[in-house]
Amino acid sequence: MNQKKLLLVEDDLNLGIVLKDFLEMEGFIVTHCNDGRSGLEAFLNDTFHLAILDVMLPFIDGFTLAEKIRKQDKKIPLIFLTAKSMKEDKIRGFKTGGDDYITKPFSTEELILRINAVLRRTEDFITDTNKTTVFNFGEFEFDSNEQILSHNGNKRQLTKRESDVLRMLCTYKNKLLKREIALKEIWGENDYFMGRSMDVYITKLRKMLKDDPKVTIVNVHNAGFKLMVEV
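For the sequence shown, position 85 (counting from the first letter as 1) is numbered 99 according to this note's numbering, and the numbering increases by one without interruption.
Below, the structure is given as structure tokens:
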């Protein structure tokens, strides 16, 4: 069996031990670190399928750690653990490239369900990407495998989340991409916080695509978005 390797960065020693033992019982290989600095070191010295990061960490906080991880690996799924419930923290987590966000206290059953859901979505994206890797629309070329958007010879490296959203828009080119479908496929859940996060990425992509006036992302009120490409 191909076991998945998880990086768990949690400074609460007791919670970290409990989670590590539980996840290993579920068949994962788990590396547990007590602070952000050791978590980054572990990440740089090994390969992981998913990282679980507490937000409040010594030396390097979880959001900063996520940014450093994303610079090394744009595709690894990230799940944040936090005692905070403020919507600003959730939004920051998703802006950082997080794939999910769990507020303490939580059950181990909830954690395993979320881990499996994130891994399944990631594998689905890999499968879909292998089918169609390059999209051409207007003056743009988008390599979803490499996460690179090209325009007149200029290449822009996209983040994992930017790439995921653009890939779905390209798949539905000139058709309605329903909001709930995008949220379920990319964020795994359709709620207010994920919706706010998606709106942020749509705004980012609009700015990237403004160099070709024939390409626009249109809001369809209370329905979703369309990547419109004039012929």
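C-beta: ideal position from N, C-alpha, C; glycine also.
Neighbourhood of residue i by C-beta distance below 7 Å, restricted to the same chain and skipping five residues each side
i: residue 192; result: 237, 238
i: residue 245; result: none
i: residue 133; result: 18, 63, 64, 91
i: residue 73; result: 49, 50, 51
Proximal residues to residue i (C-beta, below 8 Å), its chain only, five neighbours per side dropped
i: residue 196; result: 179, 182, 212, 238, 239
i: residue 158; result: 143, 146, 147, 148, 149, 177, 180, 181, 184
i: residue 43; result: 17, 18, 19, 20
i: residue 173; result: 84, 88, 111, 161
i: residue 31; result: 46
i: residue 153; result: 165, 166, 225, 226, 228, 229
i: residue 170; result: 162, 163, 164, 222
i: residue 151; result: 184, 187, 229, 241, 243
6 Å CB neighbourhood of residue i in its chain, flanking five on each side removed
i: residue 48; result: 25
i: residue 201; result: 208
i: residue 155; result: 164
Exposed unless 16 or more other CB atoms sit within 10 angstroms - verdict on residue i
i: residue 120; result: exposed
i: residue 140; result: With a pLDDT of 45 at residue 140, under the threshold of 50, the modelled position of that residue is not reliable, and the figure given next carries that caveat. So residue 140 counts as exposed.
i: residue 66; result: buried
i: residue 1; result: With the chain represented from 15 up to 245, any question about residue 1 goes unanswered, as that position is not in the structure.
i: residue 176; result: buried
i: residue 76; result: buried
i: residue 50; result: buried
i: residue 35; result: exposed
i: residue 71; result: buried
i: residue 33; result: buried
i: residue 27; result: exposed
Beta-carbon proximity of residue i to residue j, cut-off 7 Å
i: residue 62; j: residue 37; result: no
i: residue 113; j: residue 128; result: no
i: residue 234; j: residue 190; result: yes
i: residue 54; j: residue 79; result: yes
i: residue 232; j: residue 243; result: no
i: residue 91; j: residue 58; result: no
i: residue 241; j: residue 187; result: yes
i: residue 118; j: residue 97; result: yes
DSSP-derived helix/strand/coil call for residue i
i: residue 158; result: coil
i: residue 48; result: coil
i: residue 238; result: strand
i: residue 140; result: With a pLDDT of only 45 at residue 140, under the threshold of 50, the placement of this residue in the model should not be trusted, and no figure is reported.
i: residue 97; result: coil
i: residue 130; result: helix
i: residue 82; result: helix
i: residue 18; result: coil
i: residue 35; result: helix
i: residue 59; result: coil
i: residue 29; result: helix
i: residue 122; result: helix
i: residue 77; result: helix
i: residue 54; result: helix
Proximity test, residue i beta-carbon vs the ligand ATP heavy atom, cut-off 6 Å
i: residue 37; result: Only the bare structure without any ligand can be found here, which leaves the ligand ATP out of the picture.
Beta carbon proximity, residue i to chain C, threshold 7 Å
i: residue 62; result: The displayed structure is made up of one protein chain only, and chain C is not part of it.
* To do: With a floor of 3 residues, list each beta strand (DSSP E) that falls wholly inside the stretch 157 to 241, ordered by position along the chain.
  => 162 to 165, 168 to 171, 229 to 234
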